[in-house]
Amino acid sequence: MIDNDLFRAVLGRFASGVTVVTTRDANGNPHGMTVSAFSSLSLDPPLVLVCIGNDASTAPVMARAESFAVNVLRDDQEALSRRFASVMSQRFEGIGYHGSEGDPRLEGVLAWMQCRVVAQHPSGDHVIYVGEVEQAGMSDGRPLLYYRGGYATLER
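In terms of numbering that gives the first Met the number 0, the sequence shown has 73 at position 74, counting the first letter as 1, and numbering is strictly consecutive.
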């Protein structure tokens, strides 16, 4: 089996976009976390997947969620990514988001997708959530990237 440090280093060579996945608990409280393990899966039907670590604070809420939103961050939203990657409990306090009902959509993101959970697949130390995209939107800007253990931006 491959060494964990080597595996992390190899995966770090793959630049990925940065997303914040949001949902609500049974009481309607918003929850969210920074996720780089996101991918498109299918065009017909429109499916995406997100991978949530079993030990993530949002994992128990996601396990019971019927829907989630994917918020694709812009290159000037590193602080937002760090906020949702932290252990703070009030991640939504003082930030703008849409959706008093439904899953929170963060203000000013590059793109967003509202998804209905259609499958969950436990895999190793994560669960893969497959979502059918029911609504989506986008704005202009450049993506925030994660590469070799740090944030980066796209230069064109």
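Where a beta carbon is used, it is the ideal one built from N, C-alpha and C, also for glycine.
Here residue 71 really is in contact with residue 18; their C-beta atoms are around 5 angstroms apart, less than 8 angstroms. Taking C-beta atoms under 8 angstroms as the contact rule, residue 135 and residue 111 qualify, at a distance of about 7 angstroms. In this structure the region 38-52 does not lie against the region 95-111, because fewer than three pairs of beta carbons, one per stretch, are closer than 8 angstroms. Every beta strand (DSSP E) stretch that sits fully inside the region 52-94 and reaches 3 residues is listed by chain position as 66-71.
Between the alpha carbons of residue 120 and residue 38 lies a gap of roughly 15 angstroms. Residue environment analysis places residue 31 among the buried positions, since at least 16 neighbouring C-beta atoms fall within 10 angstroms of its C-beta. DSSP, reduced to helix, strand and coil, places residue 23 within a strand of the structure shown. Judged by DSSP secondary structure, residue 144 falls within the beta strand (DSSP E) whose first and last residues are 143-146.
Between residue 80 and residue 153, the C-beta spacing is not below 8 angstroms.
For residue 6, the enclosing alpha helix (DSSP H) starts and ends at 3-11. Residue 126 is positioned such that its CB atom lies no closer than 8 angstroms to that of residue 118.
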